[in-house]
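Sequential numbering of the sequence shown, starting at 349, is according to the working numbering. Note that CB positions come from ideal geometry on N, CA and C, so glycine has one too. Quick caveat, the model's predicted, so the values are computed rather than measured. Each remark here refers to the structure printed beneath this line.
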Amino acid sequence: MDEATRLRIFDPFFTTKKVGRGTGLGLSVVHGIVRAHQGAIGLDTVPGQGTTFHVYLPNPERRAAERPVEPDSIAGARGSGQHVLYIDDDEVMVLMVERLLKRAGFRVTVETRAAAALELVRAQPQDFDAVVSDFNMPELSGIDVASQIACIRPDLPVVISSGLLTDELRSQAEQLGVRALMHKENTFEELASLLQRLLAPAAS
């Protein structure tokens, strides 16, 4: 890749593909995953020949030896078995988020089709504690999902993730009672703690 492309390669929505052939979020999401694990990404590139990416992650054994575990802070960012429905048409994203939330202590159901996810909610509306939906999907948008859930079970918390949080999206989400909007590229850094805050029992 050339120097101009190299400088922007991790920017959200940056892509060299034709319109309609990609969102430009792939490497941005990967960058977010690596950052969430306190790592870094480097690259070597030669125009016309190819590019090699280098992912650097901390050694967990060395980190464990260097500092004590902080159980209070770790436990505070975890779920307690709440059931989360995660919807995204990107199968890789679905797989990674499912693993992330399960490790964080949540029960997770995933769907790549919004219509199928809504059928699950209609069939067992009380079975879910929260719904997290991508905004930009081919079948139904995240706003469509939130609108239908508001009719099925108005008190069910909905979170919408999007690569671009526009004023229009914020306004629509507010009108539908969406509990939170999240930048999609921050999913792996923010989603578990966001859900923990939304689902924490109210103080008596």
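### Task
Can you tell me which of the three DSSP states E459 falls into?
strand
### Message
Taking DSSP's pairing of strands, which residues face G390 in a bridge?
### Response
H402
### Query
With a Cβ-Cβ cutoff of 8 Å, do V506 and A494 count as a contact?
yes
### Query
If you run the structure through DSSP and keep just helix, strand and coil, what is D482?
strand
### Task
Look up I357 in the DSSP assignment and say whether it is helix, strand or coil.
coil
### Query
Shortest alpha-carbon distance to A433 belongs to which of A452, M441, L539, E459?
Correcting the residue type first, residue 433 is Leu in the shown sequence and not Ala. Residue E459 is the option with its Cα nearest to L433.
### Message
Using a Cβ-Cβ distance cut-off of 8 Å, determine whether D475 contacts chain E.
### Response
In the displayed structure, chain E is absent; only one protein chain is listed.
### Query
Going by Cα to Cα distance, which pick from D438, T457, D437 is closest to E446?
T457
#### Entry: Local conformation of S428 per DSSP, three classes
coil
### Task
Spell out a yes or no on whether the region 530 to 546 and the region 514 to 522 are touching, meaning 3 or more CB-CB pairs, one atom from each, closer than 8 Å.
no
### Query
Roughly how many angstroms separate the alpha carbons of G398 and Y404, rounded to a whole number?
20 Å
### Task
Write down the C-beta distance between D437 and D482 rounded to the nearest angstrom, noting that I regard them as a contact closer than 8 Å.
7 Å
#### Entry: Local conformation of L529 per DSSP, three classes
strand
### Query
Measuring CA to CA, which of A548, H402, C499, A462 is closest to L488?
A462
### Query
What's the C-alpha gap between A540 and L448?
8 Å
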